[in-house]
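In the UniProt record's numbering, the protein residues as written are 1 to 405.
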């Protein structure tokens, strides 16, 4: 029986590999791909610089125009899964600070000017799932597979000492995968925390300064809108957007409208259903773009929706973007010059994938896709050692991308 199962697994693997070869050939030039060592798991952008958290235990900084690697941050001892950028609180013209979290359970803070490690904090007892700075409250929020959310003092993020813990949330029963926040003042905010079972909890945060600084979290609500893990969470302008492994992206208005809507006039906000788990979302209305558009990553495809009327969203385009799962989406304001030397700014999307590439997409082309050129016969493409996944890598990355039980 074991031999028989091994045979069928091998046949399935062969079919999968052949399909990937065809997909790799079909998509190899799409999105002006930048090949990166390791597998990109998270990305952040500042200007034309891109930071990539990778499965090979490092963070790399690249130039988005040339694709050249300019820095490699070494110090973690496991895959680096999450990233955040924080403006220098003392010198606003200085390069940002980089915050990274890893399977090694540490949160590291780096100086991006010279890639030096400023501090390292043993933050959790299991894999770190999220790092989320709240500079208005001088806080860093982290969460992990240990089902805990922690609040860290960022009064002096350049201190060489490990971060000081100011408080903790331990109400979740599953790994806490992402957080979002609505800041009210330098001492208060509303916090949203989401876990791998689909539970979203809502909290008020009270930040206390002084000789004995603390951060208090009081639960004020919960949302039961997803059947399983929430992978991405965004908040702004009364809108909470969530993307989930239940194959949906959902808009929740919070807090609810102060003026009750008559029942007969109430229209439900439609969940955006996808063929696979939604791993990343980008609500462009919550960015400087300010347009009612939602970009999602499900499997290896990008989908762009017009959500001007959330009760009747319209799918504008589907882009066959990668040949393995997309892990992250970010907005890039690209500066371009015309023939006369006049400089303009265009909105671009950057996507990262387990296929080992970071790709760049002009937002205008996603809104109105250009006509496809005549199809040429697909050439045979061999997956190189930098993109071919071994059986061990397959198992490791499957574990990395799946929800925790």
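Beta carbons are placed, not taken as given, at the ideal position from N, Cα and C, and that holds for glycine.
Just checking my contact of residue i with residue j at CB under 8 Å: how many whole Å lie between their CB atoms?
| i | j | result |
| --- | --- | --- |
| residue 352 | residue 43 | 5 Å |
| residue 333 | residue 343 | In fact, because the Cβ distance is near 12 Å, the residues do not count as touching under 8 Å. |
| residue 178 | residue 215 | So it is not a contact: roughly 19 Å between Cβ atoms. |
| residue 128 | residue 81 | 7 Å |
| residue 301 | residue 270 | That pair is no contact at about 20 Å. |
| residue 39 | residue 354 | 5 Å |
| residue 174 | residue 195 | 4 Å |
| residue 50 | residue 64 | 5 Å |
Counting along the chain, where does the beta strand (DSSP E) carrying residue i start and finish?
| i | result |
| --- | --- |
| residue 301 | 301-306 |
| residue 366 | No beta strand (DSSP E) contains residue 366, which is instead part of the alpha helix (DSSP H) from 363-367. |
| residue 235 | 230-236 |
| residue 314 | 314-320 |
| residue 121 | 116-122 |
| residue 332 | 326-337 |
| residue 242 | 239-244 |
| residue 151 | 149-153 |
| residue 166 | 165-169 |
| residue 221 | 214-223 |
Within a Cβ cutoff of 6 Å, which residues of the same chain sit near residue i, ignoring the five residues on either side of it in sequence?
| i | result |
| --- | --- |
| residue 297 | 279, 280, 326 and 329 |
| residue 382 | Residue confidence is low: residue 382 scores 44 on pLDDT, short of 50, so the model does not pin down where it sits. Its coordinate-derived value is still stated next. Result list for residue 382: empty, nothing under 6 Å. |
| residue 255 | none |
| residue 407 | Residue 407 cannot be examined here, being either before or after the span of the chain that is shown, 1 to 405. |
| residue 191 | 181, 203 and 205 |
| residue 331 | 287 |
| residue 274 | 247 and 298 |
| residue 384 | Any answer about residue 384 is weak, because its pLDDT of 44 lies below 50 and its placement is not dependable; what the coordinates show is given next. Closer than 6 Å at Cβ, skipping near neighbours: no residue. |
| residue 380 | At residue 380 the pLDDT is 41, less than 50, meaning the model places this residue with poor confidence and gives no usable figure here. |
| residue 104 | 76, 77 and 78 |
| residue 314 | 306 |
| residue 211 | none |
| residue 172 | 147 and 195 |
| residue 249 | 243, 272, 278, 281 and 296 |
| residue 111 | 118 |
Cα-Cα, which of the options is closest to residue i?
| i | options | result |
| --- | --- | --- |
| residue 160 | 121, 292 and 58 | 121 |
| residue 67 | 203, 29, 359 and 299 | 359 |
| residue 78 | 107, 102, 92 and 39 | 102 |
| residue 206 | 306, 132 and 151 | 151 |
| residue 162 | 124, 170, 197 and 88 | 124 |
| residue 25 | 323, 349, 361 and 364 | 323 |
| residue 232 | 270, 289, 221 and 294 | 294 |
| residue 201 | 217, 29, 208 and 186 | 217 |
| residue 257 | 239, 270 and 249 | 239 |
| residue 227 | 197, 234, 253 and 270 | 197 |
| residue 96 | 83, 104, 303 and 171 | 83 |
| residue 170 | 219, 365, 208 and 155 | 219 |
| residue 53 | 164, 64, 65 and 37 | 37 |
| residue 307 | 339, 241 and 64 | 241 |
| residue 185 | 338, 176 and 208 | 208 |
| residue 47 | 235, 350, 363 and 357 | 350 |
| residue 55 | 356, 364 and 363 | 356 |
| residue 453 | 45, 21, 139 and 23 | A question about residue 453 goes unanswered here, because the residues of the chain that appear run from 1 up to 405. |
| residue 362 | 339, 340 and 335 | 335 |
| residue 319 | 371, 339 and 94 | 371 |
Starting from the C-beta of residue i, find all residues in its chain whose C-beta is less than 8 Å away, skip the five residues before and the five after it, and write them out in chain order.
| i | result |
| --- | --- |
| residue 115 | 61, 71, 72 and 73 |
| residue 377 | Any reading at residue 377 must be qualified, since the residue scores a pLDDT of 48, below 50, and its modelled position is unreliable; the value itself is stated next. Excluding positions up to five away in sequence, the list is empty. |
| residue 58 | 38, 72, 73, 74, 76 and 80 |
Please work out which residues of its chain come closer than 7 Å, Cβ to Cβ, to residue i, disregarding the five sequence neighbours upstream and downstream, and give them in chain order.
| i | result |
| --- | --- |
| residue 276 | 247, 298 and 299 |
| residue 189 | 134, 137, 181, 182, 183 and 205 |
| residue 291 | 284 and 285 |
| residue 157 | 86, 89, 97 and 109 |
| residue 213 | 153 and 166 |
| residue 253 | 238 and 239 |
| residue 234 | 180, 241, 281, 283 and 286 |
| residue 405 | Caution applies to residue 405, whose pLDDT of 48 falls short of 50 and renders its modelled position unreliable; the value that the coordinates give is listed next. Hits under 7 Å: none found. |
| residue 364 | none |
| residue 106 | 76, 120, 121, 122 and 123 |
| residue 23 | 323 |
Considering only the beta carbon of each residue, do residue i and residue j sit closer than 7 Å?
| i | j | result |
| --- | --- | --- |
| residue 251 | residue 288 | no |
| residue 132 | residue 141 | yes |
| residue 90 | residue 99 | no |
| residue 168 | residue 148 | yes |
| residue 229 | residue 245 | yes |
| residue 143 | residue 126 | no |
| residue 366 | residue 304 | yes |
| residue 317 | residue 369 | yes |
| residue 176 | residue 155 | no |
May I ask whether a heavy atom of the ligand SAM can be found less than 6 Å away from the beta carbon of residue i?
| i | result |
| --- | --- |
| residue 60 | In the structure on display, the ligand SAM does not appear, and there are no ligands present to speak of. |
Is residue i close to chain D, meaning its C-beta is less than 7 Å from at least one C-beta of that chain?
| i | result |
| --- | --- |
| residue 274 | In the structure shown, chain D cannot be found, because there is only a single protein chain. |
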